[in-house]
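Report on the following structure.
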Amino acid sequence: MDRIITQTKIAYFAGFMDGEGSISIASNKPPKQYTRGSIQHYIFIQISNCNYQVLDYLHSIFGGTLTPGGKTSSGKKVFRLTFNSTLAYKILNLIRPHLVAKKDVASLAIEYQEKKSAHKGIRPSLEEMDKRNWYKNKISEINALD
């Protein structure tokens, strides 16, 4: 694994992210035995591409999860590199200075993570849930414009 993260590699990642990636706030409802059924929100980054070699290169440097992602309409295999939660936050902080097209979304996702209240096993307040949903919806709106 090539874990030496240079500015060149960060800039390469940012350029690839601008062209092929997406940044969102994802949510899911975990099993009730873990958090009494409260919805969890987290930063989610995904890069999809047909070139496995490029995604494997980024994966070897930045980590994340690399999985097959189906096929294009022409039958080419698609692969996905994903990052979530704390790792996604760290990645966005690294690449944000180099982003162009996704800089605003990255800034909002970082702000979300920094303002999000931790609720380990405790149901978040309605105010906290409203705040999380506002960030999720705002990022979705910006993404819809691209």
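Each residue of the sequence shown is one higher than the last, beginning at 551 in my numbering. Built from N, CA and C at the ideal position, the CB exists for glycine as well. Here the structure is a predicted model, which is why all the values come from computation and not from measurement.
Annotated three-state conformation of residue 575 is strand, per DSSP. With 16 or more other CB atoms across the displayed protein chains lying within 10 angstroms of its CB, residue 645 is buried. Note on geometry: alpha-carbon atoms of residue 609 and residue 595 lie some 13 Å from one another. The continuous stretches of alpha helix (DSSP H) do not include residue 589, and DSSP gives it neither H nor E.
Shown here, residue 554 sits in coil according to DSSP, grouped into three states, outside any helix or strand. 696 is the residue among 600, 560 and 696 whose C-alpha sits nearest the C-alpha of residue 651. Closest option to residue 633, judged by alpha-carbon separation, among 683, 612 and 682: 612. Going by DSSP, residue 636 is part of no beta strand (DSSP E) but of the alpha helix (DSSP H) stretching over 635–645. The beta-carbon distance between residue 660 and residue 642, rounded to whole angstroms, is 5 Å. This is short enough to meet the 8 Å contact definition.
Pairing residue 603 with residue 675, the inter-Cα distance amounts to about 44 Å.
Excluding sequence positions up to five before and after residue 628, its CB lies within less than 8 Å of the CB of 598, 599, 600, 618, 619, 620, 621 and 622, all in the same chain and listed in chain order. When the five nearest sequence neighbours on each side are left out, no beta carbon in the same chain lies closer than 7 Å to the beta carbon of residue 684.
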